[in-house]
Amino acid sequence: MRLLLAAALLPLAAPALAGDDTMSEGPDLTFERVFASPGLDGPSPRKPKLSPDGRYLTVLRNREDDRERYDLWAYDRSSGTWAMLVDSEKIGSGRELSEDEKMQRERARVGNLRGIIDYEWTSNGEALLVPLDGDLYLAALTGDVVRVTDTEESELNPALSPHGNYISFVRDRQLWVGPVTGEHAPITAREGETIRWGEAEFVAQEEMSRHDGYWWSPDENRIVVQRTDESMVGVVTRAAIGATGTKVFDQRYPVAGSANAKVQLYVMDPNGQNRVEVDLRSNQSATYYDPKNPDDFYLARVDWAPDGSVFYVQRQNREQTWMDLLKVDPATGASEIVVQEEASQQHGGDGYWINLSDNYRFLDDGDLIWWSERDGFAHLYRYMGEEDWRAYKQMTKGQYVVTKLIGVDQQTSRLFFLATSEQDPLEQHVYAYDFATQAPTMPHRLTETGFTHSATMDKKGQTLLVTRSNDDTPPQMYLADQEGKRLAWVEENALDADHPYAPYLASHRPTQYGTIAAEDGTPLHWEMVTPEMEPGKRYPVYFYHYGGPGPQIVNRGWNGALRQAIVDKGYIWFALDNRGSANRGVAFEQPIYRAMGGVEVRDQKAGAEYLKTLPFVDPAKIAIDGWSYGGYMTLKQLQADPGLYAAGISGAPVTKWELYDTHYTERYMGTPQADGGAYEAASAIPYAGKITDPLLIIHGMADDNVVFENATEVISAMQEANVPFEMMLYPGYTHRVSGEKISPHRYNTVFRFLEAHGVTPPE
Numbered sequence: 064m065r066l067l068l069a070a071a072l073l074p075l076a077a078p079a080l081a082g083d084d085t086m087s088e089g090p091d092l093t094f095e096r097v098f099a100s101p102g103l104d105g106p107s108p109r110k111p112k113l114s115p116d117g118r119y120l121t122v123l124r125n126r127e128d129d130r131e132r133y134d135l136w137a138y139d140r141s142s143g144t145w146a147m148l149v150d151s152e153k154i155g156s157g158r159e160l161s162e163d164e165k166m167q168r169e170r171a172r173v174g175n176l177r178g179i180i181d182y183e184w185t186s187n188g189e190a191l192l193v194p195l196d197g198d199l200y201l202a203a204l205t206g207d208v209v210r211v212t213d214t215e216e217s218e219l220n221p222a223l224s225p226h227g228n229y230i231s232f233v234r235d236r237q238l239w240v241g242p243v244t245g246e247h248a249p250i251t252a253r254e255g256e257t258i259r260w261g262e263a264e265f266v267a268q269e270e271m272s273r274h275d276g277y278w279w280s281p282d283e284n285r286i287v288v289q290r291t292d293e294s295m296v297g298v299v300t301r302a303a304i305g306a307t308g309t310k311v312f313d314q315r316y317p318v319a320g321s322a323n324a325k326v327q328l329y330v331m332d333p334n335g336q337n338r339v340e341v342d343l344r345s346n347q348s349a350t351y352y353d354p355k356n357p358d359d360f361y362l363a364r365v366d367w368a369p370d371g372s373v374f375y376v377q378r379q380n381r382e383q384t385w386m387d388l389l390k391v392d393p394a395t396g397a398s399e400i401v402v403q404e405e406a407s408q409q410h411g412g413d414g415y416w417i418n419l420s421d422n423y424r425f426l427d428d429g430d431l432i433w434w435s436e437r438d439g440f441a442h443l444y445r446y447m448g449e450e451d452w453r454a455y456k457q458m459t460k461g462q463y464v465v466t467k468l469i470g471v472d473q474q475t476s477r478l479f480f481l482a483t484s485e486q487d488p489l490e491q492h493v494y495a496y497d498f499a500t501q502a503p504t505m506p507h508r509l510t511e512t513g514f515t516h517s518a519t520m521d522k523k524g525q526t527l528l529v530t531r532s533n534d535d536t537p538p539q540m541y542l543a544d545q546e547g548k549r550l551a552w553v554e555e556n557a558l559d560a561d562h563p564y565a566p567y568l569a570s571h572r573p574t575q576y577g578t579i580a581a582e583d584g585t586p587l588h589w590e591m592v593t594p595e596m597e598p599g600k601r602y603p604v605y606f607y608h609y610g611g612p613g614p615q616i617v618n619r620g621w622n623g624a625l626r627q628a629i630v631d632k633g634y635i636w637f638a639l640d641n642r643g644s645a646n647r648g649v650a651f652e653q654p655i656y657r658a659m660g661g662v663e664v665r666d667q668k669a670g671a672e673y674l675k676t677l678p679f680v681d682p683a684k685i686a687i688d689g690w691s692y693g694g695y696m697t698l699k700q701l702q703a704d705p706g707l708y709a710a711g712i713s714g715a716p717v718t719k720w721e722l723y724d725t726h727y728t729e730r731y732m733g734t735p736q737a738d739g740g741a742y743e744a745a746s747a748i749p750y751a752g753k754i755t756d757p758l759l760i761i762h763g764m765a766d767d768n769v770v771f772e773n774a775t776e777v778i779s780a781m782q783e784a785n786v787p788f789e790m791m792l793y794p795g796y797t798h799r800v801s802g803e804k805i806s807p808h809r810y811n812t813v814f815r816f817l818e819a820h821g822v823t824p825p826e
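Quick look at the structure:
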């Protein structure tokens, strides 16, 4: 109860009114400036990595004149100096990426980035493998860059073998292997357009956060390779409608209730010989698997044991209520179950699903660090002894959520992780824990309160790389020791006179936080930014929402310039995290099970009703806006409560869950065949005619995630019902409608729409 009680006591901060000494003048932010270069958040380095010897820290750094183009930089910790290793404009060919690579980038949420988006250190620490414009380069610390491949096709998923003797990549649906700077050859066959080797299938990339399709053994003598047969997956004819023409793609897209791809694993030598198929059907229980379709399961994760003697596979049943950890003999492919995780073990019983995670670690002594939500909150467990791991101990415990296992120092038996604060779930901190202790004790916090944090660590668990921010501080990155002591700034990003945001600091408005009660009494956290207001006047609200499972919108981190631009226009910015969203425990997330479009709509309604009680809010001018699941929420909110909202913006909405993919949709909704009533109730199509408030629909016309048919279905339903609405479509854009010119266009369109319908600030 401590978490909920502490949250409920958060007060509403008083808004700044005219005459307050907090008021100050500054230039108004425009949407054009928000999305222009340099970015107003300051530098935003990506993919920080330490060299194998720990001397160098490398990052991808974006350019001041092009916020979406990244180059490779290195920081020499011994001399304290920075140097650019690879200039993406000088080295890159500018060649257009293949459609497969474009789609991979979309699923990794980096489709808008240019230049270098990833890299990997060689094992000897003397060079780095750099993919760029579909080809591969080897960059030395001396500044020399050698081109490794030069082909029309893209080299996907490149990797260096553990000892650096081989390079591997996927080209034309085959896995290729060869010496780093020598000739490369395919080690798998070309079997047609529906067979892929070495690639994660669509739902693994989009929904499981698994982008790997092959895995090197630690001694690099074997590779585990995924073979994917998509022949049984339904085809969605995706028309990528562009400004000057239309391209049609037959995309294999497994909609809810339909067949998934068949996934197999094979173990082979680096030359493709001595191939063995892995038994992925081992010990399947008819209670959790369909005996008529034994291949209907998900391959969630693959990891080699540290000594390479075995490897492990995480396997989910289709309903995602059960997960097995299989131990596999690489010589024979034989497998056995060593750990089982089931939803019925978790707080709340059967009405739940298994959330996937990367928060686990196989230790050199044969123990396993494991992440589970079995006690109602996400915590870490230690399975002891390599023999089936029958004994385990809970290490962390309490009404907080472990969000990321950062690193393990096996020499000192210390592990490091990110978790929400038990006192304040809106902050995340880095904690250290001695796992040699016998009882689950409160871990030691390494980061300071008042910030929310993210972090990574080197493989040996020696050095922390921490990023922190709060409402007044844009993201800052620093190196720290095991006690959290800052050793050096990687990016201080100080808000000084030279910072891009400096001209707007004077008008920066603080974020206020509080809670309201849901219908069952559960505290729901909200955040609000108010403009400089005059006494006696009431202001319109831009009510942003996502609402779906996963993202936590309300937190104490830096929130960027977009909301400040909206506030500068005279609007109150408001957001609320409804039940179903992450980082509050199983009981908070569970109510959406088989009930999408229900409890989350009611929670957002509670937020609107709360806003209407505030004396500075114009109760007739509350507009809602959301993208993706948030776009779906806009439709459901307008349908459920006509007249409650002044207007709604629905961006890239899922309108009918039968159109969305298997892994995501069935996790929460079951299948249309078995749970048809839940699908009908959740659909935004049957009730489209009930929308009476102004509505703007926005969609990218080449969307490969929430396919454009979602928009055309609701558009048709509203036209057939003679319901007026407005629409803005973006030719050639996918699920990510963004860019230096397009983003201002999108938000200017939104606010022209609101102004046209009277949702305007007071005179």
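Using our numbering, the first residue of the sequence shown is number 64, and each one after it goes up by one. Every residue gets a Cβ at the ideal spot worked out from N, C-alpha and C, and that includes glycine.
Residue i - DSSP class collapsed to helix/strand/coil
i: residue 773; result: helix
i: residue 652; result: helix
i: residue 533; result: strand
i: residue 720; result: helix
i: residue 442; result: strand
i: residue 79; result: Any answer about residue 79 is weak, because its pLDDT of 39 lies below 50 and its placement is not dependable; what the coordinates show is given next. If DSSP states are grouped into helix, strand and coil, residue 79 belongs with coil.
i: residue 659; result: coil
i: residue 613; result: strand
i: residue 791; result: strand
i: residue 856; result: In the structure as shown, the chain starts at 64 and stops at 826, and residue 856 therefore has no counterpart that could be examined.
i: residue 675; result: helix
i: residue 162; result: helix
i: residue 600; result: coil
i: residue 86; result: At residue 86, the pLDDT of 43 sits below 50, so the modelled position is not reliable; the number obtained from the coordinates is stated separately. Here residue 86 sits in coil by DSSP.
i: residue 109; result: strand
i: residue 394; result: coil
CB contact flag (residue i, residue j, <7 Å)
i: residue 713; j: residue 760; result: yes
i: residue 592; j: residue 619; result: no
i: residue 563; j: residue 103; result: yes
i: residue 444; j: residue 457; result: yes
i: residue 118; j: residue 140; result: yes
i: residue 170; j: residue 268; result: yes
i: residue 190; j: residue 199; result: no
i: residue 365; j: residue 287; result: yes
i: residue 524; j: residue 472; result: yes
i: residue 184; j: residue 294; result: no
i: residue 547; j: residue 489; result: no
i: residue 703; j: residue 822; result: no
i: residue 266; j: residue 767; result: no
i: residue 658; j: residue 615; result: no
i: residue 383; j: residue 730; result: yes
i: residue 374; j: residue 385; result: no
i: residue 689; j: residue 608; result: yes
Of the residues the options, the one placed nearest residue i, counting alpha carbons only
i: residue 776; options: 700, 695 and 119; result: 695
i: residue 810; options: 663, 629, 821 and 697; result: 629
i: residue 126; options: 746, 136 and 361; result: 136
i: residue 232; options: 499, 218 and 242; result: 218
i: residue 318; options: 311, 300, 377 and 715; result: 300
i: residue 670; options: 379, 601, 612 and 580; result: 580
i: residue 123; options: 99, 116 and 150; result: 150
i: residue 535; options: 223, 571, 520 and 552; result: 571
Limits of the beta strand (DSSP E) - the one that residue i falls within
i: residue 244; result: Neither: residue 244 is in no beta strand (DSSP E) and is coded neither H nor E.
i: residue 274; result: Here residue 274 belongs to no beta strand (DSSP E), and DSSP marks it neither H nor E.
Per DSSP, cross-strand counterpart(s) of residue i
i: residue 377; result: 364 and 388
i: residue 199; result: 194
i: residue 456; result: 445
i: residue 125; result: 133
i: residue 517; result: 530
Residue i - containing alpha helix (DSSP H), residue span
i: residue 700; result: 692 to 703
i: residue 827; result: What the structure shows of the chain is the stretch from 64 to 826, and residue 827 is not part of that stretch, so it cannot be assessed.
i: residue 730; result: 725 to 732
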